[in-house]
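Accompanying notes for the structure given below.
Residue numbers (our numbering): 704 to 1103.
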């Protein structure tokens, strides 16, 4: 990138920005397919395990409040370097520890690290997007999804024969080295004086005015809760409820991510053929309702026809992924529009409220799992998604 110009967006920059998001997805979703191993290491019940997983939201919430100021002071490059380093260290600790206390501390730090990396990478991308006058972000979200799916694919291949400690340690070291290299390659594209530009602070404590649009925020929560719930429980559902082998159970999350990727790469096409309002409501019925129906059918048929039950189970997770895939970009667009184009602040506020709602819901669902079953928790997430039939009216009725 020796001939780099801020007014141009060359293919080499697009490629390396895609690597940034791909590696991010590859790293932060690496533990989701191996939740049975994490639970076994900690030797706790489902309720306690779900509660421990939810603590990552604490770090995320704190960082969503102060992360913008930090990135603004130290710059996107340094923030991504710090974020990727802390993610690597904490994930290695999470994969090795048998102590619940150590798990909680590492998990809170990992949540904070993931958020500051997200703030820095998204803020930098928004900055470049405005500089070059091109829409960049949607395909980068697709690259993140491919990274997350690749992480699940790796888990599927190695889970039966490689311990979680070796798997995560090796993956984190490799991803960290590659991430630091890619950040370095992109160096000419970073703002030389981050303190001189207030526009691209993705979050800032001073910027939050807490004029919450609750209709939008609750709608966004209903649109995203299934993604978080599936990440926590899909693999355990496969193993404990469906009786799948360790490696096969990882396919639940892998297939969910496949649906997520297909949907995110199709959002442009979708909005040409239907309005925001149509797709939000359709996603609620198709994604949430379809997921519930297929989950119930798969568990019902498990004793009589295991092969069909497994097939319906996988189809359910694929439909859930497709349904939720394009909802976050749509809701962020709506938030920016309602905030008079202040996209960064709108995304930050919406993400902050959602982080609080997700934290509480994860805790509640963990103990629902404990007193009932994983199936019930997944169905509740599906029911919340069906509520988009009501919240969908916040979207535009016009096609792009």
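Here a beta-carbon is modelled for each residue, glycine too, at the ideal position from N, C-alpha and C.
Verify the contact flag: residue i, CB atom, against every heavy atom of the ligand NAD, threshold strictly below 6 Å.
i: residue 735; result: Among the ligands in the structure shown, none appear at all, so the ligand NAD cannot be discussed.
In whole angstroms, what is the alpha-carbon distance linking residue i and residue j?
i: residue 788; j: residue 976; result: 42 Å
i: residue 885; j: residue 844; result: 17 Å
i: residue 1013; j: residue 738; result: 20 Å
i: residue 757; j: residue 939; result: 16 Å
i: residue 735; j: residue 822; result: 22 Å
i: residue 835; j: residue 1035; result: 21 Å
i: residue 971; j: residue 1006; result: 42 Å
i: residue 969; j: residue 825; result: 21 Å
i: residue 1066; j: residue 748; result: 14 Å
i: residue 948; j: residue 954; result: 10 Å
i: residue 768; j: residue 958; result: 33 Å
i: residue 862; j: residue 791; result: 19 Å
i: residue 649; j: residue 798; result: As displayed, the chain neither begins before 704 nor continues past 1103, which places residue 649 out of reach and without an answer.
i: residue 1073; j: residue 803; result: 17 Å
i: residue 1040; j: residue 806; result: 40 Å
i: residue 755; j: residue 864; result: 26 Å
i: residue 1099; j: residue 831; result: 27 Å
i: residue 873; j: residue 858; result: 12 Å
i: residue 1095; j: residue 1009; result: 37 Å
i: residue 786; j: residue 819; result: 6 Å
i: residue 794; j: residue 742; result: 14 Å
i: residue 897; j: residue 780; result: Confidence at residue 897 is low in this model, with a pLDDT of 47, below 50, so its placement is unreliable and the value that follows should be read with caution. Cα-Cα distance, rounded: 10 Å.
i: residue 1023; j: residue 828; result: 28 Å
i: residue 729; j: residue 716; result: 20 Å
i: residue 892; j: residue 880; result: 20 Å
i: residue 777; j: residue 882; result: 18 Å
i: residue 903; j: residue 774; result: Low per-residue confidence applies at residue 903: pLDDT is 48, beneath 50, and the placement is therefore not dependable enough to give any value.
i: residue 1032; j: residue 990; result: 16 Å
i: residue 946; j: residue 1062; result: 29 Å
i: residue 1087; j: residue 926; result: 8 Å
i: residue 966; j: residue 988; result: 15 Å
i: residue 984; j: residue 866; result: 42 Å
i: residue 772; j: residue 1001; result: 48 Å
i: residue 875; j: residue 727; result: 11 Å
i: residue 849; j: residue 751; result: 31 Å
i: residue 839; j: residue 934; result: 26 Å
i: residue 784; j: residue 770; result: 14 Å
i: residue 995; j: residue 796; result: 35 Å
i: residue 1021; j: residue 721; result: 24 Å
i: residue 964; j: residue 745; result: 32 Å
i: residue 856; j: residue 713; result: 31 Å
i: residue 1027; j: residue 956; result: 14 Å
i: residue 890; j: residue 944; result: 48 Å
i: residue 922; j: residue 1025; result: 17 Å
Return the residue from the list the options that minimises the CA-CA distance to residue i.
i: residue 916; options: 1037, 861, 994; result: 1037
i: residue 997; options: 1011, 986, 862, 778; result: 1011
i: residue 937; options: 979, 1004, 1041, 1076; result: 1076
i: residue 962; options: 1032, 1019, 1069; result: 1019
i: residue 868; options: 881, 831, 800; result: 800
i: residue 1017; options: 1032, 713, 999; result: 999
i: residue 878; options: 1091, 918, 714, 723; result: 723
i: residue 1064; options: 965, 726, 929; result: 929
i: residue 1092; options: 918, 746, 960; result: 918
i: residue 1090; options: 992, 1021, 1025, 1051; result: 992
i: residue 980; options: 713, 796, 746, 1097; result: 1097
i: residue 960; options: 1051, 922, 782, 847; result: 847
i: residue 842; options: 725, 922, 890, 944; result: 725
Report all residues from its chain with a CB closer than 8 Å to the CB of residue i; omit the five preceding and five following residues, and keep chain order.
i: residue 920; result: 1053, 1056, 1057, 1060
i: residue 759; result: 810, 811, 813, 814, 817
i: residue 1071; result: 1079, 1080, 1083
i: residue 860; result: 950
i: residue 1004; result: 1011, 1012, 1015
Apart from the five residues on each side of it in sequence, which residues of its chain come closer than 7 Å, Cβ to Cβ, to residue i?
i: residue 973; result: 982, 1029
i: residue 815; result: 762, 763, 765, 766
i: residue 1101; result: 978
i: residue 1068; result: 753, 932, 1080, 1083
Residues in the same chain with beta-carbon distance under 6 Å from residue i, minus the five sequence neighbours each way, listed in chain order, please.
i: residue 732; result: 851, 854
i: residue 942; result: 739, 952
i: residue 924; result: 1057, 1060
i: residue 1085; result: 991, 994, 995
i: residue 782; result: 774, 819, 823
Where in the stretch 1055 to 1093 do unbroken runs of the alpha helix (DSSP H), each at least 4 residues long, occur, reported from the N-terminal end onward? 1077 to 1089
Return the chain-ordered ranges of every alpha helix (DSSP H) run that is complete within the stretch 917 to 956 and spans a minimum of 4 residues. 917 to 939, 949 to 952
Ignoring anything shorter than 3 residues or poking outside the stretch 945 to 1029, list the beta strand (DSSP E) runs there in chain order. none
Ignoring anything shorter than 3 residues, give me the beta strand (DSSP E) runs that lie fully in the stretch 788 to 876, in order along the chain. none
Within the stretch 717 to 790, ranges of the alpha helix (DSSP H) (whole runs, at least 4 residues): 738 to 745, 749 to 757, 759 to 777
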